Every structure is written in structure tokens, then in C-alpha cells.
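All letters in the sequence shown, in the order written, are residues 134 to 331 by this note's numbering.
For every residue, glycine included, the Cβ atom is placed at its ideal position computed from N, Cα and C.
Only a predicted model underlies this, so the values are computations on that prediction, with no experimental measurement involved.
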Amino acid sequence: MVNKITMIYHHYLETLFGSKLKVKVIRNLYKFKEKSFTLRELSKLSSITHPGLLKVLEDLHGMNLINLERISNSIIIKLNRKSFLLNILKIYDIENNTLNELIKTIKKYYIDNIFNTVALFGSVVRNEERFDSDIDLLIITKSKELADNVAEKCKVEVIKKFGNVIMPYILNKKEFNESNIRKEILKNNILIKGEELK
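Here you go:
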């Protein structure tokens, strides 16, 4: 398996990204670009069996995306930093930046000082979202009417850009302090604007 295999030049994306396992393994190799992994380390990090990992590595090595080196009884795996395909892996940078893009999109609608606090919470913050998950957004304000209007405009852009619906929870400070979702929000939230939640 450590022998050099020549890359193919046409229609190789299926070989590169053709399974969820490959996507996970490549994500971890790209995330830790400088690190050398043993089979056991990469298998554990990627939650993949040894036989499954070996099959993935065979393809990635064949595409010249990784370097494999046998040291004693271990195979050492490292991302090939000189591979032409490294350019394609920038898609992982886009993936990593998606939540920041969502926050940036929402933030521009809530610049008015009438909004005391704007924060994301729920499954998106907990990293448990599904395709059909709403984006839970807490808005603490004195002006619910203005918040409603702004939320509608924000919803339209977020749906077009990301596909998910914003579910705004518009409350004043007193209502938030007395609400039954307060504990959950305090545990997991991302502050977009305003005062820290207490």
C-alpha cells in the first residue's frame, strides 16, 4: 500500500470525495495539515474501522493527496502539502466558515440600539442541527414591533442564502428572565449583538 501510485487527471472527484468516510478522513487530515497520523490515531479521530480506513487511504494515496510511510510496524499518514488537489480542499475552509457567515448575515439586521441582546441558541449552536432545523434566535428588546419587522426581513435573506427558517424569540428583559427556555439558552448560545446573557 505504501508503493507510489500515479494520479488520474479526469473525473476524479468521485474517487476523492465519493463517500462520507472519505469526506471525514480528508476533513481531519486537512484540519491537522502538519500532523503525521498512525492508522490507529486517524481511525479513532475519524470514527472509522481499520479496514474502512485502509480502503479510503488507498484511494487518497492513489490521488497523491497523502504521503504514506512505513516506520517499523506502523504506517504513517500525512497530507501531501505539495499536492495539486490541496486547492480543492479549501472547500473545508468554506464549511468551517458557514456558521460565521450566518452570524454575519443576521448581525447586519440588528445594528439598532433598540436591540439589547441578539443571540443564537438551540441545535445549530449545539452542533446537532438537521436539514429541517430552524435557526433559533433570541431577541431581547423593548420594541417587539420593530423586532418583528426586522426579523421578517432577516428571515427572507437567511432562507435564500442558507435554506433554513429563523425562529425568532422576541422578549423583553423581564420576559426572558421568567421564561422556561432561559436555562437552555444560558447553557448554549452565541452572542451576536449586545449584552451578555445572565
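Per DSSP, which one or two residues make a beta bridge with Phe170?
Position 37 of the sequence shown holds residue 170. Answer by DSSP bridge pairing, in chain order: Ile210.
Runs of alpha helix (DSSP H) wholly within the segment 213 to 293 (minimum 4 residues, chain order):
Complete alpha helix (DSSP H) runs here, min 4: 224 to 240, 256 to 259.
Pull the bridge partners of Glu311 from the DSSP assignment, please.
As a working mapping, residue 311 is identified with position 178 in the sequence shown. Partner(s): none; Glu311 has no beta bridge.
Return the bridge partner residues of Glu197 from the DSSP annotation.
Start at 1 with the first residue of the sequence shown, and residue 197 comes out as number 64. Before going on, a small fix: residue 197 reads as Asn here, not Glu. In the DSSP assignment, Asn197 is bridged to no other residue.
Report buried or exposed for Met196, applying the criterion of at least 16 other Cβ atoms within 10 angstroms of its Cβ.
One-based indexing of the sequence shown puts residue 196 at position 63. Flag for Met196 reads buried.
May I ask which residues mark the beginning and end of the alpha helix (DSSP H) holding Asn161?
Taking the first residue of the sequence shown as position 1, residue 161 is located at position 28. Secondary structure note for Asn161: its alpha helix (DSSP H) is the uninterrupted segment 153 to 164.
Sort out for me which residues DSSP pairs Ile318 with in a bridge.
Here residue 318 refers to the residue found at position 185 of the sequence shown. Paired residue(s): none; Ile318 is not in a bridge.
Three or more C-beta pairs closer than 8 angstroms, one from the segment 244 to 251 and one from the segment 260 to 267: is that the case here?
In this structure the segment 244 to 251 does not touch the segment 260 to 267; the number of beta carbon pairs closer than 8 angstroms is below three.
Any idea if Tyr142 is buried or exposed, counting beta-carbon neighbours within 10 angstroms, 16 or more meaning buried?
By 1-based counting over the sequence shown, the position of residue 142 is 9. The residue in question, Tyr142, is exposed, as its Cβ has fewer than 16 Cβ neighbours within 10 Å.
Output yes or no for whether 8 angstroms exceeds the beta carbon distance between Asn321 and Arg259.
Translated into the one-based positions of the sequence shown, residue 321 becomes position 188. Translated into the one-based positions of the sequence shown, residue 259 becomes position 126. Closer than 8 angstroms, so yes.
Count the other CB atoms within 10 Å of the CB of Thr231; is the residue buried (16 or more) or exposed (fewer)?
Position 98 of the sequence shown, counted from the first residue, corresponds to residue 231. Per the 10 Å Cβ criterion, exposed.
Using 8 angstroms as the Cβ pair cut-off and three pairs as the minimum, do the segment 140 to 160 and the segment 178 to 188 touch?
yes
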